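Per our numbering, the sequence shown starts with residue 1, numbered consecutively.
Note that beta-carbon positions come from the ideal geometry of N, C-alpha and C, so glycine has one too.
Note that the structure is predicted; figures quoted are calculated from it, not measured.
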Amino acid sequence: MIKNSLATVKQNIRDACNANKRDASEVLLLAVSKRHSVKSIREAYTCGQTHFGENYLNEALEKQQQLADLPLVWHYIGSIQSNKTRKIAENFSWVHTVDSLKIAKRLSEQRPNTLPPLNICLQINIDNEESKSGITVQKDELLALAQEISVLPNIVLRGLMCIPAPKETSEQEIQTFQQMQVLQQYLKENGIALDTLSMGMSGDLENAIACGATIVRVGTAIFGARD
Ligand SMILES: *Cc1c(COP(=O)(O)O)cnc(C)c1O
């Protein structure tokens, strides 16, 4: 039942916050609903969940139409091709997966003036995986990019996001999340105002919270396995 799994995930978040002397209100639970039904999203909403993350644009747009009667906050967390930026800019509150100045500029230009600025995170390829999108970890280049992006008018650079490679040990997980924390700190020390670290999923959210995560993105632990 979604009600029970949602309660368990929230309890895990509270426990992780307590263990790390953090206030639970600092951590937003993003329910990742990709490949889960509109019915499941409604059920989660009935249990108080309002922030939902989707990876596939067409699937997301269809669900948004069917759920237009609910006050949901949509986050785009999938990979971004240039030809998709307009629809993303028009239909989401957050985008976690920005990885170039070009994409950021398009999102800013295409964000409708009738909407508040689009919240964005820069996706960091924290384990330097060839297969993964995201910005390669090179802190001076990252700073230069963040400086250019932070002056764009219709988007707000909120923070950094990562999808780490699977790790064998908890220590390795923590090491990776700490690298994210160090990068964010570096940007902040250099004048970029950031308040968001989007990291931690069903399997590693406790370690992410220990390292300063402010958004955890949880799918399976709430909705069960995807088909
Ligand atoms: C699917 C997905 C998640 C959720 O993963 P689970 O293991 O199901 O919790 C989180 N973030 C991103 C970017 C995803 O694509």
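Thinking C-alpha only, which one of D140, N20, S33, N18 is nearest M201?
S33
Are the beta-carbon atoms of E62 and G78 separated by less than 8 Å?
no
Classification of S82 by the beta-carbon crowding that lies within 10 angstroms, buried from 16 upward:
exposed
Going by C-alpha to C-alpha distance, which of H36, Q11, S5, G219 sits closest to S25?
Q11
On the criterion of 16 or more Cβ atoms from any shown chain inside 10 Å, does R217 qualify as buried, or is it exposed?
buried
For N18, count neighbouring Cβ atoms within 10 angstroms of its own Cβ and tell me buried if that reaches 16, exposed if not.
exposed
Contact under 8 Å by Cβ, I228 with A44
As displayed, the chain neither begins before 1 nor continues past 227, which places residue 228 out of reach and without an answer.
Is the beta carbon of A16 sitting closer than 8 Å to the one on L205?
yes
Measure the C-alpha to C-alpha separation of A68 and N119 and round it to an integer number of angstroms.
20 Å
If you scan the segment 17-52 from start to end, which runs of the alpha helix (DSSP H) of 4 or more residues do you find wholly inside it?
38-46
Just verifying my parser: in three-state terms, what is the DSSP assignment at L118?
strand
Using the DSSP secondary-structure output, state which residues sit across from G159 in a beta bridge.
C121, T196
Within the continuous alpha helix (DSSP H) that includes V235, where are the two ends?
Outside the displayed range of the chain (1 to 227) lies residue 235, so it cannot be described from this structure.
For the segment 63-129, list the beta strand (DSSP E) runs that are entirely contained and at least 3 residues long, ordered along the chain.
73-76, 94-98, 118-125
Measuring CB atoms only, is the segment 173-193 touching the segment 82-100, in the sense that at least three cross pairs come out at less than 8 Å?
no
State the DSSP-derived secondary structure class of V216, mapped to helix, strand or coil.
strand
Rounded C-beta distance between Q178 and C211? I'm assuming under 8 Å.
5 Å
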